[in-house]
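Engineer: Going down the list, the sequences are from chains A and B.
Using this note's numbering, you'd call the opening residue of the first sequence number 1 and step up by one each time.
Using this note's numbering, you'd call the opening residue of the second sequence number 1001 and step up by one each time.
One structure is given below, represented as structure tokens, and several questions about it will come after.
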Amino acid sequence: MVELEVDGRPVKVFEGQTILDACRKVGIDTPTLCYGETLEPANVCRVCVVEVEGARVLAPACSRKVEAGMKVRTDSERVRHSRKLVLELLASSVDLSTTPVAPDYLARYAAEPERFGPQAPPDPGRDRRRTGHHVEPDGQMAATVHVPVKIDNDLYVRDYSKCILCYKCVDACGEQYQNTFAIHVAGRGFDARISTEYVAELPESACVYCGNCIAVCPTGALMFRSEHELREAGAWHEDEQTVTQTICPYCGVGCNLELHVQDNTIVKVTSPDDHDVTRGNLCIKGRFGFQHVQARDTGTD
Amino acid sequence: MDLHLVPDAEETPAERAAVDHVLGPPESGWDGGARHDGAERNTARGGHDARGRRHLLLPTLWSLQERIGWISPGGLNYVCRRLTIPPADAYGVATFYALLAVEPRPARVVHVCEDLACRCHGSHDLIAQLEERFGTEGELSDDGSSTWYRSPCLGQCDRAPAVMLAVAGNEPLERVVAPAAAPGVLSLLAGGDAGPEPACIPPQLGEGSLRLLRRVGRVDPASLDDYRAHDGYAALRHAFSLGPEGVIRELKDSKLQGRGGAAFPTGVKWEAVARQPAQPHYLVCNADESEPGTFKDRVLLEGDPFAVIEAMTIAAYATNCTRGYVYMRGEYPQAHRALERALAQARSRGYLGDGILGERFSFEIEIRKGAGAYICGEETAIFESIEGKRGEPRNKPPFPVVEGLFGKPTVVNNVETLVNVLDVVLRSGPGFAETGTESSTGTKLFCLSGHVARPGVYEVPFGVTLRDLLDLAGGVPGGRSLQAVLMGGAAGGFLRPDELDLPLTFEGVREAKTTLGSGVVMALDDTVDLPRFLMRIAAFFRNESCGQCVPCRVGTVRQQEALARLLSGRTNGGVARELAVIAEVGQCMRDASICGLGQTASSAIESAIGRLGVFQGGAA
Chain A
1 MVELEVDGRP
11 VKVFEGQTIL
21 DACRKVGIDT
31 PTLCYGETLE
41 PANVCRVCVV
51 EVEGARVLAP
61 ACSRKVEAGM
71 KVRTDSERVR
81 HSRKLVLELL
91 ASSVDLSTTP
101 VAPDYLARYA
111 AEPERFGPQA
121 PPDPGRDRRR
131 TGHHVEPDGQ
141 MAATVHVPVK
151 IDNDLYVRDY
161 SKCILCYKCV
171 DACGEQYQNT
181 FAIHVAGRGF
191 DARISTEYVA
201 ELPESACVYC
211 GNCIAVCPTG
221 ALMFRSEHEL
231 REAGAWHEDE
241 QTVTQTICPY
251 CGVGCNLELH
261 VQDNTIVKVT
271 SPDDHDVTRG
281 NLCIKGRFGF
291 QHVQARDTGT
301 D
Chain B
1001 MDLHLVPDAE
1011 ETPAERAAVD
1021 HVLGPPESGW
1031 DGGARHDGAE
1041 RNTARGGHDA
1051 RGRRHLLLPT
1061 LWSLQERIGW
1071 ISPGGLNYVC
1081 RRLTIPPADA
1091 YGVATFYALL
1101 AVEPRPARVV
1111 HVCEDLACRC
1121 HGSHDLIAQL
1131 EERFGTEGEL
1141 SDDGSSTWYR
1151 SPCLGQCDRA
1161 PAVMLAVAGN
1171 EPLERVVAPA
1181 AAPGVLSLLA
1191 GGDAGPEPAC
1201 IPPQLGEGSL
1211 RLLRRVGRVD
1221 PASLDDYRAH
1231 DGYAALRHAF
1241 SLGPEGVIRE
1251 LKDSKLQGRG
1261 GAAFPTGVKW
1271 EAVARQPAQP
1281 HYLVCNADES
1291 EPGTFKDRVL
1301 LEGDPFAVIE
1311 AMTIAAYATN
1321 CTRGYVYMRG
1331 EYPQAHRALE
1341 RALAQARSRG
1351 YLGDGILGER
1361 FSFEIEIRKG
1371 AGAYICGEET
1381 AIFESIEGKR
1391 GEPRNKPPFP
1401 VVEGLFGKPT
1411 VVNNVETLVN
1421 VLDVVLRSGP
1431 GFAETGTESS
1441 TGTKLFCLSG
1451 HVARPGVYEV
1461 PFGVTLRDLL
1471 DLAGGVPGGR
1481 SLQAVLMGGA
1491 AGGFLRPDEL
1501 DLPLTFEGVR
1511 EAKTTLGSGV
1521 VMALDDTVDL
1531 PRFLMRIAAF
1541 FRNESCGQCV
1551 PCRVGTVRQQ
1561 EALARLLSGR
1571 TNGGVARELA
1581 VIAEVGQCMR
1591 DASICGLGQT
1601 ASSAIESAIG
1611 RLGVFQGGAA
């Protein structure tokens, strides 16, 4: 066990655990966005930064391993400032309307994203911007990552206006889970974006529609098409939905499914993160193959 | 791995040749070669073997860029088959680097520097003339064979304004032309010749006090014999007699500190790597100097390449490395050629390879060519880039001395730091420490540029003042007066004309709350439009941010937007509010960014506001 101090309180955690683990152990609610329970920390969003005594810069709580005698402050002026700014920078450039934790975080840190000016409209050319170049801004609008929604298949949509570039989908699609490698981060700096090779549409890409990227996406940038369409129609009512646990009927693995049902119709399928076999992952059949359940019409066309 | 390639895209014979130029011919049907029935019917090839060559991705992409002019879907497909890399991943790598193109690009491209020193010497006029007489950036010539692009600093600040010509083909050509003028650039765009390469002559040539520069301009950089006639390889012989521990002891006694910007004690770093039980150890020579205003390492590499090789050999000997990489920015074609030539000679004469100088010590050096990414000079981004990935910095800890290149203990040193090692060994540690001050030992290279009479790389002992240095370079020419000095580059800070008595030492600049950085000293006379100059600094950081972490990715954009509003006077609630935005974003970038780029992206701009009072004069 390693003993350290968080906000003046002594805490003991296992060696190899992180500051975030220590914070949780003493009940300190640390904001996280790019951190995923089932993935290696990418530590890129920097909303979980904390002050470690003696260090020149702040440390990401999600990935910094604890050290004996470490003195950590999670609510100092510097910490609050950086967290507030990170949230402002994100909220001014990304559409956080479907990020569940965003309203709470923004309020907690009194973030004012609108102070950077009105948001720039979607730019269809964003996917092919030339690396290391940009058009000089006049500052009258805040640059955004907004692009038109990508709807190129029946199963899920990609709305990269909502992408905070947390790398989770890339990691889930790649070597941490699926080993499909259909997507990667392309471009650089503010123009960095999640992309297939040469911006190919998903049916042309290596995607196998496991939907594990949707499962890890913290912002709703990746979304079931059914959910996207209901939201567009103003008919998405999460508070009216029920979640039913069941077992996937397709093969012998026995993955757990959570069926999200609204108006007696399955609107999306998830799998519990804490299942020690699947860790929230499914395959195309488990995730998307639910249409037959609600097929009322057995007509012959 | 079951690769899904880009549909309907096949490589051309020329693309295949470009890739094979780096990887050799394919061995089987599995990686794009002829299919041999029989054995191959039952045996898969690839797997770990093929993926183990991932580090060749960047050289392979470079080969396509140099020979074809861009990386087409077919070309990328073939690279991916050869190296077993998913196309989305390889596309992510290719689009990380500004010198690689994934859209068709003409064979002949002129990169026109628009950065800080070139701005002081008319790059703006040059660009305006190109726009008028050729067309806007990226527009093709009438026959479609050429175009031009704006470029960040090309490291030719002593002969600004500079351009770099790149001509793709079977015999790819890359040449820097500096100083450049519009007629010459138009002629390059029309297929004209770039002329002979300039020789490297430091302004202090022949002065007895020179150490790092003592051979530059006097020795033939293409001759190992001439190098030896100028004291070359004396240090390596002496190092062998000292033994690895002896070399490290001398180095610690010398108190040599890193010259790349962070000023970490070199001996401490070497000792930490030497003691690591994990094997192998790697050596990386950081020759990616891309900080605007910096060109000192270029001068060493072009003028005295064997010194860099000898110093790396000593470093490898002391820290038990068998392989070293020189990661050199892609904008240094002349230095690249000089070092390549020197490496070939050293290899053929037994100064590299197995059993160097008859000792039981083997060492090999490979050059890796950067592709237009300032961030790859960051000590962990450099590893990612060499490994064939996007040049995104790693979170520290773990530090490179424990887990560096390929996850192994790694020494990363700047070119200038390494060349200092020769002197440490020859003079002994205490002998080296006699020069300079108590805690800043030895001499330092400074890159004098901007409005000085004789720009160039100057070598002075630590402790001289900024005024001495500017005098050495002939002061501000043309009867103009000095407005400010930019110290340390875009990631450094500004000083006022009344601060010239600052002693140039690590402790002196720290006390004055500025930095030596990479040795940039850029003098700005009273004609410089400082707010516009700051806009260029902001644009540089926006362009060069890797995009990984939020503070830097978005912060560099918000910083630039606030500057733009201050510049136009159309502020969002007044000057004070905009200055507060810059300060607040700056603090977040400094505190919460992953690496040094984000942590310093606001320092020059904030120093101009705080120290020079830019924007405080009541504009808007």
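All C-beta atoms, glycine included, are put in the ideal place defined by N, C-alpha and C.
As the structure is a computational prediction, the values presented were derived from the model and not from experiment.
Which of helix, strand or coil does DSSP assign to residue 303 of chain A?
Structural biologist: For residue 303 of chain A there is no data in the structure shown, the boundaries of chain A being 1 and 301.
Engineer: So, is residue 1170 of chain B buried or exposed, given that buried needs 16 or more other C-beta atoms within 10 angstroms?
Structural biologist: exposed
Engineer: Where in the segment 1399-1483 of chain B do unbroken runs of the alpha helix (DSSP H), each at least 4 residues long, occur, reported from the N-terminal end onward?
Structural biologist: 1415-1427, 1429-1433, 1466-1472
Engineer: At a cut of 8 Å, does the segment 1469-1483 of chain B reach the segment 1515-1531 of chain B through at least three beta carbon pairs?
Structural biologist: Note that the segment 1469-1483 of chain B touches the segment 1515-1531 of chain B; at least 3 beta-carbon pairs, one per stretch, sit closer than 8 Å.
Engineer: Of all the options A/53, A/205, A/62, A/193, which has the alpha carbon lying nearest to the alpha carbon of residue 128 of chain A?
Structural biologist: A/193
Engineer: Excluding the 5 residues preceding and the 5 following residue 1194 of chain B in the sequence, name in chain order all residues of the same chain whose CB lies nearer than 7 Å to its CB.
Structural biologist: 1165, 1175, 1177, 1188
Engineer: Hey, would you say the C-beta of residue 1318 of chain B is under 7 Å away from at least one heavy atom of the ligand ATP?
Structural biologist: Looking at this structure, you won't find the ligand ATP or any other ligand, since it has none at all.
Engineer: Is the Cβ of residue 1073 of chain B closer than 8 Å to any Cβ of chain A?
Structural biologist: At a cut-off of 8 Å between beta carbons, residue 1073 of chain B contacts chain A.
Engineer: So which residues on chain A does residue 1545 of chain B lean against when the C-beta distance must stay under 8 Å?
Structural biologist: 188, 189, 190
Engineer: With a threshold of 8 Å between beta carbons, is residue 1096 of chain B in contact with chain A?
Structural biologist: The beta carbon of residue 1096 of chain B falls within 8 Å of a beta carbon belonging to chain A, placing the residue at that interface.
Engineer: Taking the straight line between their C-alpha atoms, what separation do you get for residue 134 of chain A and residue 1543 of chain B?
Structural biologist: Cα-Cα distance, rounded: 7 Å.
Engineer: Considering just the uninterrupted stretch of the alpha helix (DSSP H) at residue 1334 of chain B, what are its terminal residues?
Structural biologist: 1333-1348
Engineer: According to the neighbour-count rule (16 or more other Cβ atoms, all chains shown, within 10 Å of its Cβ), is residue 1572 of chain B buried or exposed?
Structural biologist: buried
Engineer: Please list the segments of the alpha helix (DSSP H) lying wholly inside the segment 1115-1169 of chain B, counting only runs of 4 or more residues, in order along the chain.
Structural biologist: 1116-1120, 1123-1133
Engineer: Answer with yes or no whether the minimum CB distance from residue 306 of chain A to chain B is below 8 Å.
Structural biologist: Limits of chain A in this structure are 1 at one end and 301 at the other, which puts residue 306 of chain A out of reach.
Engineer: Put residue 1082 of chain B into one of helix, strand or coil per three-state DSSP.
Structural biologist: helix
Engineer: Could you say which of B/1607, B/1234, B/1320 lies nearest to residue 1275 of chain B if we only look at CA atoms?
Structural biologist: B/1320
Engineer: Return the bridge partner residues of residue 1111 of chain B from the DSSP annotation.
Structural biologist: B/1149, B/1164
Engineer: Determine the burial state of residue 1004 of chain B: buried for a count of at least 16 other Cβ atoms within 10 Å of its Cβ, exposed for fewer.
Structural biologist: buried
Engineer: In chain order, which alpha helix (DSSP H) runs of at least 4 residues are fully inside the segment 1266-1305 of chain B?
Structural biologist: 1266-1274, 1296-1303
Engineer: Taking three-plus beta-carbon pairs below 8 Å as touching, is the segment 1302-1312 of chain B in contact with the segment 1208-1223 of chain B?
Structural biologist: yes
Engineer: For residue 105 of chain A, which three-state DSSP category applies?
Structural biologist: helix
Engineer: How is residue 341 of chain A classed by DSSP in three states: helix, strand or coil?
Structural biologist: Residue 341 of chain A falls outside the range modelled here, since chain A spans only 1 to 301, and no answer is possible.
Engineer: Let me see if you follow: with CB-CB separation under 8 Å, is residue 49 of chain A close to chain B or not?
Structural biologist: yes
Engineer: Quick one: list the residues of chain B neighbouring residue 204 of chain A, beta-carbon separation under 7 Å, in chain order.
Structural biologist: 1007
Engineer: Which full runs of the alpha helix (DSSP H) of 4+ residues lie inside the segment 166-237 of chain A, going along the chain?
Structural biologist: 168-173, 212-216, 225-232
Engineer: Helix, strand or coil, according to DSSP, for residue 1525 of chain B in the structure here?
Structural biologist: Here residue 1525 of chain B sits in strand by DSSP.
Engineer: How is the beta strand (DSSP E) around residue 268 of chain A delimited, first residue to last?
Structural biologist: 265-270 is the extent of the beta strand (DSSP E) around residue 268 of chain A.
Engineer: Whole angstroms is fine: what's the gap from residue 1323 of chain B's alpha carbon to residue 1009 of chain B's?
Structural biologist: 37 Å
Engineer: Comparing alpha-carbon positions, which option in B/1079, B/1120, B/1118, B/1015 lies nearest residue 1068 of chain B?
Structural biologist: B/1015
Engineer: Could you check how far apart the C-beta atoms of residue 110 of chain A and residue 143 of chain A are, in whole angstroms? I think they sit under 8 Å.
Structural biologist: The Cβ separation is near 23 Å, so there is no contact.
Engineer: Hey, which unbroken runs of the beta strand (DSSP E) at 3 residues or more fall wholly within the segment 52-96 of chain A?
Structural biologist: 71-73
Engineer: For residue 1512 of chain B and residue 1611 of chain B, I'd like the C-alpha separation in whole angstroms.
Structural biologist: Looking at the two C-alpha atoms, the distance is approximately 11 Å.
Engineer: In angstroms, rounded to a whole number, what distance separates the CA positions of residue 38 of chain A and residue 173 of chain A?
Structural biologist: 13 Å
Engineer: What separation, rounded to the nearest whole angstrom, lies between the Cα atoms of residue 1237 of chain B and residue 1312 of chain B?
Structural biologist: 13 Å
Engineer: If I measure Cβ to Cβ from residue 1230 of chain B and keep anything under 6 Å in the same chain, skipping five residues before and after, which residues do I get?
Structural biologist: Excluding sequence neighbours, residue 1230 of chain B sits near 1215, 1219.
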